[in-house]
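Under the numbering used here, the first residue of the sequence shown is numbered 658, with each subsequent residue one higher.
Beta carbons are placed, not taken as given, at the ideal position from N, Cα and C, and that holds for glycine.
First comes the structure, then the notes that go with it.
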Amino acid sequence: MAEFFKKNYLHAYKREGIVWVKGTVKGQKHHRISTGKEFSKANMNFVEKNWTLLIEEYFEKQKSLAERAKKMSIVELMPLSLDAALETASEGTINDYTRILNKHVIPVFGNYKPDEISVGMFKSFQKDLRVESKLARKTILNVRAAFNCIYRYAIDEEIVDKNPILLVSTPASKLFVHFNDDGVAVDQNGNEIIDDINPFTLDDVWKLIDSAEGQFKNIITILFFTGMR
């Protein structure tokens with residue numbers, strides 16, 4: 658028992674300017690725990706009144722941390738998921754996934770448990786790939802596919818029951834196209850986007866018109882020669 662502010666405290670006490678709590682709760686040994694609260698009359702009274710709750714919360718937190726430590730992280734699940742994926746994917750695909758995961762996913766989410774990654778976290782990650790890393794849309798889709806491989810395995814093994822990747826839409830194609838000062842379409846890195854669609858030649862147009870019949874022939878004739886879309 659200690660005396661502070663002309664009052665005796667059985668469970669709250671002061672150590673180096675911080676309020677600590679001591680006591681024994683059911684099923685646990687006598688314990689001394691720092692509350693992290695600054696020494697004051699109000700905090701001393703609060704801790705003395707709620708000492709049982711504070712100690713129980715401490716043990717619950719320790720239990721939760723112990724359970725978390727038993728769960729595998731993303732970096733630990735990665736080799737297991739890739740090995741399992743070899744049953745349906747080629748070795749080349751798995752090698753690509755390995756490279757992508759090591760480069761983009763593990764540095765960010767490697768130490769996370771799969772159930773700790775929220776939809777919002779993945780959405781922010783995907784946006785950073787586009788805005789900060791300036792990755793092409795195809796590359797981002799490959800990152801999603803590689804990361805999804807880990808979550809498929811985690812769900813199959815009943816490690817998690819939700820895949821945040823599937824709850825985030827793929828980035829729209831229009832986000833990757835911009836126009837420079839000359840009006841030329843460029844990607845995020847300023848490279849000109851080449852339209853590789855080859856238009857019909859005049860000979861192709863007439864072949865299509867000649868092979869068409871009835872009303873459809875009239876429609877495509879109008880479309881081709883008026884520029885309608």
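Pairwise C-alpha distance: residue j and residue i
i, j, result
"residue 828", "residue 794", "7 Å"
"residue 702", "residue 720", "27 Å"
"residue 788", "residue 662", "57 Å"
"residue 699", "residue 823", "49 Å"
"residue 715", "residue 778", "28 Å"
"residue 690", "residue 774", "30 Å"
"residue 871", "residue 833", "42 Å"
"residue 764", "residue 782", "11 Å"
"residue 686", "residue 675", "22 Å"
"residue 792", "residue 722", "36 Å"
"residue 755", "residue 748", "10 Å"
"residue 815", "residue 705", "43 Å"
"residue 807", "residue 688", "41 Å"
"residue 860", "residue 874", "16 Å"
"residue 811", "residue 724", "17 Å"
"residue 776", "residue 708", "37 Å"
"residue 854", "residue 718", "Here the model assigns residue 854 a pLDDT of 49, short of 50, so the residue's position is not dependable, and the following value carries that caveat. Whole-angstrom Cα-Cα distance: 60 Å."
Option nearest residue i by Cα separation, candidates the options
i, options, result
"residue 759", "713, 800 and 868", "800"
"residue 820", "826, 751 and 805", "805"
"residue 683", "764, 666, 712 and 769", "712"
"residue 813", "677, 738 and 709", "738"
"residue 753", "832, 803 and 707", "803"
"residue 693", "681, 687, 669 and 724", "669"
"residue 695", "708, 673 and 688", "673"
"residue 797", "825, 706 and 811", "825"
"residue 664", "697, 681 and 679", "697"
"residue 734", "867, 817, 866 and 864", "817"
"residue 809", "709, 745, 679 and 717", "745"
N- and C-terminal bounds of the beta strand (DSSP E) containing residue i
i, result
"residue 827", "Run containing residue 827: none; DSSP gives neither H nor E here."
"residue 661", "659 to 661"
"residue 669", "669 to 672"
"residue 733", "Here residue 733 belongs to no beta strand (DSSP E); instead the alpha helix (DSSP H) covers 731 to 742."
"residue 680", "675 to 680"
"residue 895", "Nothing about residue 895 can be reported from this structure: the residues present for the chain run from 658 to 886 only."
Enclosing alpha helix (DSSP H) for residue i [first to last residue]
i, result
"residue 724", "708 to 727"
"residue 692", "Run containing residue 692: none in the alpha helix (DSSP H); it sits in the beta strand (DSSP E), 688 to 695."
"residue 769", "Note, residue 769: premise wrong, no alpha helix (DSSP H); not H, not E."
"residue 781", "776 to 788"
"residue 797", "794 to 813"
"residue 750", "748 to 757"
Cutoff 8 Å: residue i Cβ touching any chain D Cβ
i, result
"residue 702", "Checking the listed chains, one finds no chain D in this structure; it contains a single protein chain."
Whole-angstrom C-beta distance between residue j and residue i, which should lie under 8 Å
i, j, result
"residue 751", "residue 742", "6 Å"
"residue 869", "residue 877", "6 Å"
| query | Touch check for the segment 761 to 770 and the segment 723 to 733: three-plus C-beta pairs under 8 Å? | reply | yes
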